[in-house]
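Here the structure comes first, spelled out in structure tokens, and everything after it is commentary.
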Amino acid sequence: MSIPPSSQSGSSIKPVSFPDPKALVYDRGVCKWNIVGDSPLDVLKSKNEACIIFTQIGKFTKDANQHKELSKWFPPIPDMFWSETGVKHNGFFGCHTSTIPAPKLPIHTVDDATTRQETPNPIDASGQKSTWTSSTTLTSDNEATSPDPTLGFDIQTTWTYFRLIVKILLTEPLADGTLPEGEIKYGWAEMAFLSFSNARRTVMICFDMPDDVPKTLLKTLPESLHEFDGPFGLHIPVLERLVKLYDKSIWGMAKTVRAFEKQREKDSKPKDSKPDASSLQDSTKPDTLSVTSGAPGSVIPDPSDPQEARAQFQRLFAISRHITHSVETVQVAAEVLEQLKLECKLLLEVDPQGRLQKLKWLQSMLKGLLARSISNEKRLASEQTL
């Protein structure tokens, strides 16, 4: 089932906004990634060997010219990716590997031949080399037309296109573990991704990711080219950031469920009863139980204020909806990782960088978060029956 996040009320997690796009571009000369502020199309047209571009999908779905220019770099991507169905979907994954003849494009400048040096990938413990090397020669001349080496897919190229969404609660519990009064605020991160990779270049475009991702990702990207060139090389560090985002989402839900549990324990105490030390602890783990002494039971007494009771019911209903979305989005994310893993296994006969193993690990992390999310759902269901 597709969730139309943009139709839901609530705050949204601020994505990278224009006119301040960001990209991480790899400089092979110094083996370093740099943040640049060029437009996505300018970064694509530049002769970098690897880049991760952060932008907004709306810039391309609402501008036919921008969409047309970007699509030149991703010819196998289905139109549905850009449609309302794709933009509002809860998650999917697609992959395409083929060789497409390079188009003839005008050359506006005279460049010397640009050579990407032969750099065989390191030999792994078994003595095997990767089937993906980082060697080719890029040339251009002053003829009227010539294949553009930065756009030519005349060699085997792998494209991927996928989408993931995650819901984040923005209302934090108070110091005593209970929730502040008022509406529980939340935001959606509605993310989409495009990539292509061949022996010349590795590119990933990230649409609508939270705006703190470029700087945090910069700290974790591998600096050696052989660690990320070829299929799925840039997927690993990006997915690691996404797993952390899902982790933040799930534990935020768990803290909120724990806040309801603490509020119930507080309300069920006799008014003249003194709280014991364990109930005052602000547990770092949302599922750590507090011990309540002297409470008459787990049943909340009939509230004297019907409006307050109604407000509490509405908050329980709201968090129930959020957790249902949480279970669904993590479940879909785990399925996306499964498809990535299968494609990685098919494409990489030799995998010295261990990308398949890393994808398996990330999938196991998501499955663990899914189990936690289901646990949150069950705990909240218990609160609703009490």
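For the record, in the sequence shown the residue sitting at position 5 is 5 according to full-length UniProt numbering, with numbers rising by one throughout.
Every residue gets a Cβ at the ideal spot worked out from N, C-alpha and C, and that includes glycine.
Per the C-alpha coordinates, the member of Ala334, Lys59 and Thr256 positioned closest to Gln312 is Thr256. According to the DSSP secondary-structure assignment, His96 is paired through a beta bridge with Trp159. Runs of the alpha helix (DSSP H) lying entirely within the stretch 202 to 266, each at least 4 residues long, are 213 to 218 in chain order.
Taking Arg315 as reference, the option from Asp247, Glu328, Thr171 and Ser98 with the minimal CA-CA separation is Thr171. Here Cys31 is not near Val43, since their CB atoms are 9 Å or more apart. When DSSP states are grouped into helix, strand and coil, Gly187 belongs to the strand group.
The continuous beta strand (DSSP E) containing Val36 extends over residues Lys32 to Val36.
Around the beta carbon of Ile35, fewer than 16 other beta carbons sit within 10 angstroms, so the residue counts as exposed. Inclusion of Ala192 and Phe81 in the CB contact set at 9 Å is warranted, their separation being smaller than that value.
The three-state secondary structure of Asp27, taken from DSSP, is strand.
For Leu342, the closest alpha carbon among the candidates Gly29, Thr160, Gly252 and Asn90 is that of Thr160.
Just measuring C-alpha positions, the residue of Ile323, Arg28 and Ala23 sitting nearest Glu227 is Arg28. When C-beta atoms of the stretch 170 to 190 are compared with those of the stretch 212 to 220, fewer than three pairs fall below 8 Å, so the two segments do not count as touching. If you compare the alpha carbons of Glu49, Thr329, Leu221 and Lys62 with that of Tyr246, the shortest gap goes to Thr329. For Phe162, the closest of Glu84, Ile77, Pro21 and Ala189 by C-alpha to C-alpha distance is Ile77. For Phe60, there is no enclosing beta strand (DSSP E); the residue is part of the alpha helix (DSSP H) that begins and ends at Gly58 to Thr61. A straight line joining the alpha-carbon of Glu190 with that of Ser224 spans about 31 Å. Cβ atoms of Leu24 and Leu218 come within 8 Å of each other, at about 6 Å. Looking at Ile184, Leu234 and Leu242, the one whose alpha-carbon comes closest to that of Ala318 is Ile184. Counted as a single uninterrupted DSSP element, the stretch harbouring Ala50 is not any alpha helix (DSSP H) but the beta strand (DSSP E) occupying residues Ala50 to Thr55. Here Phe317 is not bridged, per DSSP, to any residue. Among the bridge pairs identified by DSSP, Lys22 is matched with Phe54. Residue environment for Asn90: buried (at least 16 other C-beta atoms within 10 angstroms of its C-beta). In the assembly as shown, Ser195 is a buried residue. Its beta-carbon has 16 or more other beta-carbons within 10 Å. Between Leu347 and Thr158 the beta-carbon gap is near 6 Å, inside 8 Å, which marks them as a contact. Secondary-structure assignment with DSSP links Gly91 through a beta bridge to Leu164.
In this chain, the alpha helix (DSSP H) harbouring Ser71 covers Ala64 to Ser71. Between the C-alpha atoms of Asn48 and Val332 there is a straight-line separation of about 33 Å. Exposed is the label assigned to Glu84, since fewer than 16 other Cβ atoms lie within 10 Å of its Cβ.
Per DSSP, reduced to three states, the secondary structure at Leu174 is coil, with no helix or strand assignment.
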